[in-house]
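To start, the structure under review is shown below, and the notes come after it.
2 protein chains.
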Amino acid sequence: MLCFEKSEFKERIKRTKELMDQNGIEVLLATHPANLNYLTGYDGWSFYVHQGVLVLKDEDEPIWFGREQDSNGARLTTWIKKENIYGYQDDYVQSLVKHPMTYVAGILKEKGYTGRNIGVEMDNYYFTPRCLQQLKKDLPEAKFKDANRLVPLVRQIKSEQEIEYMKMASRIAENVMQVAIDYIKTGVREGDAAAAVYQAQISGTEEYTGDYTAIAPIMPSAERTSTAHLTWTDRRYEKGDVVLLELAGSKYKYHAPLSRTVFIGQLPQELAEIAKVVVDGLNKTLDFIEPGVTCEQVEEKWRESISGSKVVKESRVGYSYGLNYPPDWGEHTASLRPGDKTILKPNMTFHFMPGIWLDDFGFECSEPFRVTEDGCETFCNFPRKLFLK
Amino acid sequence: MLCFEKSEFKERIKRTKELMDQNGIEVLLATHPANLNYLTGYDGWSFYVHQGVLVLKDEDEPIWFGREQDSNGARLTTWIKKENIYGYQDDYVQSLVKHPMTYVAGILKEKGYTGRNIGVEMDNYYFTPRCLQQLKKDLPEAKFKDANRLVPLVRQIKSEQEIEYMKMASRIAENVMQVAIDYIKTGVREGDAAAAVYQAQISGTEEYTGDYTAIAPIMPSAERTSTAHLTWTDRRYEKGDVVLLELAGSKYKYHAPLSRTVFIGQLPQELAEIAKVVVDGLNKTLDFIEPGVTCEQVEEKWRESISGSKVVKESRVGYSYGLNYPPDWGEHTASLRPGDKTILKPNMTFHFMPGIWLDDFGFECSEPFRVTEDGCETFCNFPRKLFLK
Numbered sequence: 280m281l282c283f284e285k286s287e288f289k290e291r292i293k294r295t296k297e298l299m300d301q302n303g304i305e306v307l308l309a310t311h312p313a314n315l316n317y318l319t320g321y322d323g324w325s326f327y328v329h330q331g332v333l334v335l336k337d338e339d340e341p342i343w344f345g346r347e348q349d350s351n352g353a354r355l356t357t358w359i360k361k362e363n364i365y366g367y368q369d370d371y372v373q374s375l376v377k378h379p380m381t382y383v384a385g386i387l388k389e390k391g392y393t394g395r396n397i398g399v400e401m402d403n404y405y406f407t408p409r410c411l412q413q414l415k416k417d418l419p420e421a422k423f424k425d426a427n428r429l430v431p432l433v434r435q436i437k438s439e440q441e442i443e444y445m446k447m448a449s450r451i452a453e454n455v456m457q458v459a460i461d462y463i464k465t466g467v468r469e470g471d472a473a474a475a476v477y478q479a480q481i482s483g484t485e486e487y488t489g490d491y492t493a494i495a496p497i498m499p500s501a502e503r504t505s506t507a508h509l510t511w512t513d514r515r516y517e518k519g520d521v522v523l524l525e526l527a528g529s530k531y532k533y534h535a536p537l538s539r540t541v542f543i544g545q546l547p548q549e550l551a552e553i554a555k556v557v558v559d560g561l562n563k564t565l566d567f568i569e570p571g572v573t574c575e576q577v578e579e580k581w582r583e584s585i586s587g588s589k590v591v592k593e594s595r596v597g598y599s600y601g602l603n604y605p606p607d608w609g610e611h612t613a614s615l616r617p618g619d620k621t622i623l624k625p626n627m628t629f630h631f632m633p634g635i636w637l638d639d640f641g642f643e644c645s646e647p648f649r650v651t652e653d654g655c656e657t658f659c660n661f662p663r664k665l666f667l668k
Numbered sequence: 280m281l282c283f284e285k286s287e288f289k290e291r292i293k294r295t296k297e298l299m300d301q302n303g304i305e306v307l308l309a310t311h312p313a314n315l316n317y318l319t320g321y322d323g324w325s326f327y328v329h330q331g332v333l334v335l336k337d338e339d340e341p342i343w344f345g346r347e348q349d350s351n352g353a354r355l356t357t358w359i360k361k362e363n364i365y366g367y368q369d370d371y372v373q374s375l376v377k378h379p380m381t382y383v384a385g386i387l388k389e390k391g392y393t394g395r396n397i398g399v400e401m402d403n404y405y406f407t408p409r410c411l412q413q414l415k416k417d418l419p420e421a422k423f424k425d426a427n428r429l430v431p432l433v434r435q436i437k438s439e440q441e442i443e444y445m446k447m448a449s450r451i452a453e454n455v456m457q458v459a460i461d462y463i464k465t466g467v468r469e470g471d472a473a474a475a476v477y478q479a480q481i482s483g484t485e486e487y488t489g490d491y492t493a494i495a496p497i498m499p500s501a502e503r504t505s506t507a508h509l510t511w512t513d514r515r516y517e518k519g520d521v522v523l524l525e526l527a528g529s530k531y532k533y534h535a536p537l538s539r540t541v542f543i544g545q546l547p548q549e550l551a552e553i554a555k556v557v558v559d560g561l562n563k564t565l566d567f568i569e570p571g572v573t574c575e576q577v578e579e580k581w582r583e584s585i586s587g588s589k590v591v592k593e594s595r596v597g598y599s600y601g602l603n604y605p606p607d608w609g610e611h612t613a614s615l616r617p618g619d620k621t622i623l624k625p626n627m628t629f630h631f632m633p634g635i636w637l638d639d640f641g642f643e644c645s646e647p648f649r650v651t652e653d654g655c656e657t658f659c660n661f662p663r664k665l666f667l668k
């Protein structure tokens with residue numbers, strides 16, 4: 280039931296250990312579900328309790344730890360040997376008297392890894408201040424280092440198999456976007472359009488079904504398009520509505536995010552102009568992208584492409600993405616913005632997302648792409664334009 | 280666009296401040312999206328960046344802070360005045376050189392709340408070790424206290440309006456479960472059944488649509504039912520499959536979780552016996568529940584009800600739930616398990632979930648309920664049995 284060859288997982292562990300070495304880290308404790316999946320294959324909606332993976336400098340295989348009732352899930356979905364699956368008793372869950380990190384410290388004691396340099400994720404959703412506090416208490420001789428970006432940096436360049444899954448997700452994303460655009464019209468409830476979007480996301484294609492995405496469908500209408508992350512309501516679409524669609528497909532938790540905008544009725548001049556500027560800027564920037572340029576140069580190209588227009592864009596215009604779990608499909612490593620000197624390399628993957636949110640309405644048209652040997656290739660094949668209904 | 284009267288929000292702030300007072304907390308910093316929604320009404324999928332609410336001891340209205348591009352979302356979905364909406368610049372997002380908590384410290388400095396006792400959520404998904412570190416650095420005179428359970432404890436007893444939304448979610452949950460049971464049969468892909476589930480969750484009823492749920496549909500089949508949190512695959516159902524269904528409905532992010540089990544084909548004796556024991560135990564325990572009993576007494580009643588049978592249940596049999604966002608609909612306050620001395624009170628709401636996961640298969644039959652004046656009332660009306668297909 281593994282989505283990758285065992286050799287690919289071993290290669291990931293090898294590269295992770297190299298980065299650990301470079302950063303003086305002897306034990307890596309990763310709790311982010313995408314990092315856990317990347318290193319072990321683990322896939323379950325159990326990240327609402329404390330769980331994670333331990334990579335020990337001198338051990339070949341990583342250790343999975345989590346709640347006992349999820350350990351059969353680890354046996355079914357990971358490549359690691361049974362002895363390396365550690366399930367903690369249920370009374371550790373959301374307890375006032377004990378904490379799962381005491382259990383994790385116990386594993387490290389058993390393995391003789393007490394007074395070591397331990398890398399932890401300092402700014403991640405699934406590792407809390409209490410986790411760190413408990414580990415410090417239970418392992419007083421250990422030193423803790425920030426390894427927040429360590430595995431995400433290993434994840435940044437995708438393998439051929441990963442690219443293949445991202446392409447599968449992209450086929451779903453194209454379907455999903457078409458379903459949404461077809462569904463939206465005057466009198467339809469936003470929630471019914473969202474239901475059609477979900478149906479398309481999960482039913483996937485004839486060859487394969489889809490997985491849940493790390494972000495819910497973002498599909499506000501009317502004045503709710505003045506901001507970036509609202510979902511849907513019971514409201515019925517009306518003539519004169521702008522509808523933003525930031526949607527995605529997912530296969531094996533590899534994503535394809537895609538944004539488009541729909542207008543219902545007679546297109547206002549202001550929106551038409553913004554759409555033209557953004558789509559032109561998007562096209563010009565995509566033409567510019569190739570290995571060797573930096574993230575900030577990509578953003579600079581975008582800014583240059585829209586200069587002289589009325590469009591102002593203060594926020595970043597994209598970010599690296601790939602394998603992920605809620606609440607975000609972004610990898611939190613490279614961003615397309617001033618100051619980010621990350622050099623683009625083949626098989627890095629980005630969501631170029633120059634969303635515009637004004638005080639009354641917004642406009643979105645985005646493309647996910649991978650860096651190729653001599654340029655870039657967008658994952659989706661979907662008209663880059665404003666859709667009129 | 281508010282889901283509650285302003286007076287209800289003010290009452291929530293009042294009760295929050297009372298608990299702050301009792302705990303010697305002068306500033307509450309809450310980042311959990313459910314706490315943020317509960318205190319301000321804020322509703323957007325922006326919790327993947329740092330955001331939250333500040334409740335200051337001597338200020339009437341709370342402060343919303345978040346990313347600038349989400350601040351129009353705060354204007355549209357909260358009850359608080361415009362001046363209390365603070366949006367930070369985009370270069371704070373996932374930066375290596377600056378952190379949003381510096382911005383939050385700046386708000387507290389502006390308000391004269393520097394050397395205070397600040398309550399923070401120490402074991403929550405959305406407040407990280409780096410957040411705490413940065414606040415300590417920027418507010419060296421402040422003292423930090425754990426307020427992880429503070430707002431969740433206020434949320435524990437629901438208002439009539441909240442109960443109403445939970446009932447609306449329950450109508451959706453009943454539909455969703457029926458759709459799933461109808462859809463599952465030999466030859467159907469698990470992912471297509473999941474797509475039908477999502478469609479039912481979001482399209483809701485004729486009167487209202489549904490919202491995304493805090494946990495994805497948990498619907499493993501065959502050997503994948505031996506664990507608690509696997510979702511779906513491309514696998515096609517076969518004769519002899521057990522299928523677990525832990526599904527939910529959601530309205531305004533108020534939930535109704537519901538679990539049932541389907542068997543395809545000739546029912547094995549062992550599963551039939553487990554189903555009978557669990558359903559009987561569930562019924563007996565529900566009959567026992569009333570205000571004044573404790574969570575551990577409920578679990579004891581359950582254990583007594585199944586004693587003498589072959590069923591063993593080591594994990595907790597339920598937890599309080601209600602308003603929530605991914606990754607969990609549980610409130611992380613009361614659990615139905617030994618040692619939890621929480622006394623049940625009217626309008627506390629629980630998911631009674633005695634899931635059984637054996638090495639080869641599992642069985643689930645659960646009920647969400649509210650404590651009434653003299654007993655308890657289940658939210659859903661759905662046959663409590665194993666479903667045969």
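One line per chain: the protein sequences are W and H, in this order. Take the position in the first sequence, starting the count at 1, then add 279; the result is the number in the working numbering. Take the position in the second sequence, starting the count at 1, then add 279; the result is the number in the working numbering. Backbone N, C-alpha and C define an ideal beta-carbon position, used for all residues, glycine too.
Task: According to DSSP, residues forming a beta bridge with residue 655 (chain W) - done: The sequence position of residue 655 (chain W) within the first sequence is 376, counting from 1. According to DSSP, residue 655 (chain W) shares a beta bridge with W:650.
Open item on the list: For residue 640 (chain W), report the span of its alpha helix (DSSP H) as first-last.
Closed with: Your numbering for residue 640 (chain W) matches position 361 in the first sequence. Counting along the chain, residue 640 (chain W) falls outside any alpha helix (DSSP H), and DSSP gives it neither H nor E.
Open item on the list: Determine, for residue 462 (chain W), whether the minimum Cβ-Cβ distance to residues of chain H falls below 9 Å.
Closed with: Counting from one through the first sequence, the residue named residue 462 (chain W) turns up at place 183. With 9 Å as the cut-off, residue 462 (chain W) does not count as an interface residue toward chain H.
TODO: Can you give me the Cβ contacts of residue 380 (chain W) inside the same chain, cut-off strictly under 6 Å, excluding the 5 residues immediately before and after it?
DONE: Mapped onto the first sequence, residue 380 (chain W) falls at position 101. Cβ neighbours of residue 380 (chain W) within its own chain (closer than 6 Å, five residues either side excluded): 410, 413, 414.
Task: Complete runs of the beta strand (DSSP E) confined to the region 506-540 of chain W [at least 3 residues] - done: Fully enclosed beta strand (DSSP E) runs of 3 or longer: 521-530.
Open item on the list: When you compare the CB of residue 549 (chain H) with every CB in chain W, is at least one pair closer than 9 Å?
Closed with: In the second sequence, the residue the question calls residue 549 (chain H) occupies position 270. No, residue 549 (chain H) lies away from the interface with chain W (no Cβ there is under 9 Å from its Cβ).
TODO: Identify the contact partners of residue 351 (chain W) in chain H, using a Cβ-Cβ distance below 8 Å as the criterion.
DONE: Locating residue 351 (chain W) in the first sequence gives position 72, counting from the first residue. Ordered by position in chain H, the residues that pass the 8 Å Cβ test against residue 351 (chain W) are 505, 506, 636, 638.
Task: Test: residue 593 (chain W) CB closer than 9 Å to a CB of chain H - done: One-based indexing of the first sequence puts residue 593 (chain W) at position 314. Chain H, which has a Cβ nearer than 9 Å to the Cβ of residue 593 (chain W), makes this yes.
- [ ] Kindly indicate which three-state DSSP category residue 557 (chain H) falls into: helix, strand or coil?
- [x] Residue numbering aside, residue 557 (chain H) sits at position 278 when the second sequence is read from its first letter. Secondary structure at residue 557 (chain H): helix, using DSSP grouped into helix, strand and coil.
Task: Nearest to residue 574 (chain W) (by Cα), restricted to the options W:619, W:580, W:546 - done: As a first step, residue 574 (chain W) must be located in the first sequence, where it is residue number 295. The option with the nearest alpha carbon to residue 574 (chain W) is W:619.
Open item on the list: Less than 9 Å between CB atoms is the rule here; does residue 359 (chain H) satisfy it with respect to chain W?
Closed with: Reading the second sequence from its first residue, position 80 is the one you call residue 359 (chain H). No, no contact with chain W.
Task: Pairwise C-alpha distance: residue 429 (chain W) and residue 314 (chain W) - done: Residue numbering aside, residue 314 (chain W) sits at position 35 when the first sequence is read from its first letter. Residue numbering aside, residue 429 (chain W) sits at position 150 when the first sequence is read from its first letter. Taking the straight line joining both Cα atoms gives about 9 Å.
Task: Presumed contact (8 Å Cβ cut-off) between residue 658 (chain W) and residue 446 (chain W), rounded CB distance - done: Numbered from 1 along the first sequence, position 379 holds the residue referred to as residue 658 (chain W). Numbered from 1 along the first sequence, position 167 holds the residue referred to as residue 446 (chain W). Confirmed, Cβ separation roughly 6 Å.
- [ ] Look at the alpha carbon of residue 532 (chain H) and the alpha carbon of residue 652 (chain H), and state the distance between them as a whole number of angstroms.
- [x] As a working note, residue 532 (chain H) is residue 253 in the second sequence. As a working note, residue 652 (chain H) is residue 373 in the second sequence. Rounded to the nearest angstrom, the two C-alpha atoms are 25 Å apart.
TODO: Could you list which residues in chain H have their beta carbon closer than 9 Å to that of residue 527 (chain W), in chain order?
DONE: If you number the first sequence from 1, residue 527 (chain W) lands on position 248. What residue 527 (chain W) touches in chain H: nothing, since even the nearest Cβ is about 12 Å away.
Task: Beta-bridge partners of residue 343 (chain W), as assigned by DSSP - done: Along the first sequence, one-based indexing puts residue 343 (chain W) at 64. DSSP output for residue 343 (chain W) lists W:332, W:364 as bridge partner(s).
Open item on the list: Between residue 540 (chain H) and chain W, is the shortest Cβ-Cβ distance under 9 Å, so that the two count as touching?
Closed with: Position 261 of the second sequence, counted from the start, is the residue given in the question as residue 540 (chain H). For residue 540 (chain H), the nearest beta carbon of chain W is not closer than 9 Å to its own beta carbon.
Open item on the list: As a quick exercise: from W:377, W:339, W:310, W:621, pick the residue whose alpha carbon is nearest that of residue 345 (chain W).
Closed with: Numbered from 1 along the first sequence, position 66 holds the residue referred to as residue 345 (chain W). Residue 345 (chain W) has its Cα closest to that of W:310, out of W:377, W:339, W:310, W:621.
Task: Collapsed DSSP secondary structure at residue 636 (chain W) in the structure displayed - done: Counting from one through the first sequence, the residue named residue 636 (chain W) turns up at place 357. In the structure shown, residue 636 (chain W) sits in a strand (DSSP, three-state: E or B).
TODO: Using a Cβ cut-off of 7 Å, pull out every chain H residue sitting near residue 495 (chain W), in sequence order please.
DONE: Locating residue 495 (chain W) in the first sequence gives position 216, counting from the first residue. In chain order, 324, 491 make up the part of chain H whose C-beta sits under 7 Å from the C-beta of residue 495 (chain W).
Task: Segments of 4+ residues assigned as alpha helix (DSSP H) that fall wholly inside the region 573-598 of chain H - done: Within the region 573-598 of chain H, the complete alpha helix (DSSP H) runs of at least 4 residues are 574-585.
- [ ] Reducing DSSP to helix, strand and coil, say where residue 288 (chain W) ends up.
- [x] For the purposes of this step, residue 288 (chain W) is identified with residue 9 of the first sequence, where counting begins at 1. Residue 288 (chain W) falls in the helix class under three-state DSSP.
TODO: With a 10 Å radius around its C-beta and 16 neighbouring C-beta atoms as the bar for buried, classify residue 615 (chain W) as buried or exposed.
DONE: As a working mapping, residue 615 (chain W) is identified with position 336 in the first sequence. With 16 or more other Cβ atoms within 10 Å, it is buried.
Task: residue 319 (chain W), enclosing alpha helix (DSSP H) - first and last residue - done: Indexing the first sequence from 1 puts residue 319 (chain W) at position 40. The continuous alpha helix (DSSP H) containing residue 319 (chain W) extends over residues 312-319.
Task: Span separating the alpha-carbon of residue 470 (chain H) from that of residue 521 (chain H) - done: Translated into the one-based positions of the second sequence, residue 470 (chain H) becomes position 191. Translated into the one-based positions of the second sequence, residue 521 (chain H) becomes position 242. For the pair residue 470 (chain H) and residue 521 (chain H), the Cα-to-Cα distance works out to about 16 Å.
- [ ] Might you give, ordered along the chain, the residues of its own chain that have their beta carbon closer than 7 Å to the beta carbon of residue 326 (chain H), omitting 5 neighbours on each side?
- [x] Your numbering for residue 326 (chain H) matches position 47 in the second sequence. The residues are 312, 405, 604.
Task: CB contact check: residue 614 (chain W) to chain H, cutoff 9 Å - done: Counting from 1 along the first sequence, the entry for residue 614 (chain W) is found at position 335. Using a CB distance cut-off of 9 Å, residue 614 (chain W) counts as an interface residue toward chain H.
TODO: With a threshold of 16 other CB atoms inside 10 Å of the CB of residue 548 (chain H), please say whether the residue is buried or exposed.
DONE: In the second sequence, residue 548 (chain H) corresponds to position 269, counting from 1. Classification for residue 548 (chain H): exposed.
Task: DSSP beta-bridge partners of residue 497 (chain H) - done: Walking along the second sequence from the start, residue 497 (chain H) turns up at place 218. In the DSSP assignment, the residues bridged to residue 497 (chain H) are H:525.
Task: Interface positions of the region 401-418 of chain W facing chain H (Cβ-Cβ less than 8 Å), listed along the chain - done: Interface annotation for the region 401-418 of chain W against chain H: 401, 402, 403, 404, 405, 406, 407, 408, 409, 410, 411, 412, criterion Cβ-Cβ distance under 8 Å.
Open item on the list: Is there a C-beta anywhere in chain H that falls below 9 Å from the one on residue 611 (chain W)?
Closed with: Within the first sequence, numbered from 1, the residue matching residue 611 (chain W) stands at position 332. Chain H, which has a Cβ nearer than 9 Å to the Cβ of residue 611 (chain W), makes this yes.
Task: Chain-ordered neighbours of residue 478 (chain W) on chain H, where CB pairs are closer than 8 Å - done: As a first step, residue 478 (chain W) must be located in the first sequence, where it is residue number 199. Within chain H, the residues near residue 478 (chain W) are 474, 475, 477, 478.
- [ ] List the residues of chain W whose Cβ lies closer than 7 Å to the Cβ of residue 468 (chain H), in chain order.
- [x] What you label residue 468 (chain H) is simply residue 189 of the second sequence in a count that begins at 1. Identification of chain W residues near residue 468 (chain H) by a Cβ-Cβ cut-off of 7 Å yields 488, ordered along the chain.
- [ ] In angstroms with no decimal places, state the Cα-to-Cα distance between residue 448 (chain H) and residue 476 (chain H).
- [x] For the purposes of this step, residue 448 (chain H) is taken as the residue at position 169 of the second sequence. For the purposes of this step, residue 476 (chain H) is taken as the residue at position 197 of the second sequence. The alpha-carbon atoms of residue 448 (chain H) and residue 476 (chain H) are separated by roughly 14 Å.
Open item on the list: Give me the residue from W:357, W:426, W:609 with the minimum Cα distance to residue 287 (chain W).
Closed with: Position 8 of the first sequence, counting from 1, holds the residue named residue 287 (chain W). It is W:357.
Open item on the list: Taking the alpha-carbon of residue 290 (chain H) as reference, which of H:301, H:329, H:331, H:340 has the nearest alpha-carbon?
Closed with: By one-based count along the second sequence, residue 290 (chain H) stands at place 11. Answer by Cα proximity: H:340.
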